[in-house]
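Reviewing the structure listed below.
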Ligand SMILES: Nc1ncnc2c1ncn2[C@@H]1O[C@H](COP(=O)(O)OP(=O)(O)OP(=O)(O)O)[C@@H](O)[C@H]1O
Ligand SMILES: [Mg+2]
């Protein structure tokens, strides 16, 4: 990653260096250098099995990795998932389901509890950030305060997906890693979802977005990284990525497909 990517070091949030994960004989991630700045939406794309979820697992501490992971300059590669969450790193899970019997606000409250009892206790002792406030702030960030008391079944699919994002924003989240958060949305819903992601990033939160919906990714991301067999094969602004011969060769196959890429779902081609 060149030092000119971000204006100042202070703006950098996530930075990985040489991040690698092996599962038995499989190199699921190999030497990944990736950065996400404050207020940036960075896309991580690649075909099924390329190692995208593995990367999120490694960054958030849910799988064993080698290499370094830092958030705003603090080294976290030796920290537990809980500590990384407390440092301001949050994720969504691929196919993360909502609790259908709970209201939207209650779905977020469950996320607060998963941040840890000790964190909640210190919040109470210090008289800071009662969970209700944190939940309200997260719902405000995704524009869902009006539906806080509804159940997921009463919401549009797009709103349900935003509840999933809001869950990761509860607390002092500085960086959010979204693993296919828009899966199943139609073109219109996906566009609206992208607008909300931009609003979230505009508050200074860094966003890493994994999605197979190429129109969403190309539309909303400031920069992209392309993974193939666990390695970064290309990185840069969306327009540059589409022109990259390695990306075209690896994923898009032919010039005709390349031209149509914004409408294509790479998952179907993979
Ligand atoms: N827990 C695990 N144990 C063993 N191998 C795994 C494990 N998780 C992932 N893998 C393997 O690591 C590689 C990367 O998988 P990963 O799930 O990260 O890909 P992905 O890019 O997220 O794919 P998709 O687009 O389908 O979600 C694959 O070969 C997968 O089979
Ligand atoms: Mg995945």
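Residue numbers (the UniProt record's numbering): 1 to 270.
Think of the CB as a built atom: it goes at the ideal place given N, C-alpha and C, for glycine as much as any other residue.
Computed from a prediction, not measured in an experiment: that's the story for all the values here.
Item                                                                                                                    : Value
Three-state secondary structure assigned by DSSP to residue 29                                                          : strand
Bounding residues of the beta strand (DSSP E) (the contiguous stretch that carries residue 51)                          : Residue 51 -> no beta strand (DSSP E), and no H or E assigned at all.
Residues near ligand 2, criterion Cβ-heavy atom distance below 7 Å                                                      : 52, 53, 94, 179, 180 and 210
Where residue 15 sits in the DSSP three-state scheme                                                                    : strand
Sheet register partners of residue 210 (DSSP bridge)                                                                    : 44 and 179
Buried or exposed by the 16-neighbour rule on C-beta atoms within 10 Å, applied to residue 107                          : buried
Secondary structure of residue 69, DSSP reduced to three states                                                         : strand
Strand pairing of residue 74, partner residues [DSSP]                                                                   : 71
Pair within 8 Å by beta-carbon distance, residue 147 and residue 159                                                    : yes
Proximity of residue 205 and residue 178 at Cβ, strictly below 8 Å                                                      : no
Any non-hydrogen atom of ligand 1 within 7 Å of residue 107 CB                                                          : no
Exposed unless 16 or more other CB atoms sit within 10 angstroms - verdict on residue 237                               : exposed
Nonlocal neighbours in the same chain, by C-beta distance under 6 Å from residue 69, ignoring five residues either side : 16, 59, 76 and 77
Range covered by the beta strand (DSSP E) that runs through residue 228                                                 : 223-228
Whether residue 222 touches residue 41 by CB criterion (8 Å)                                                            : yes
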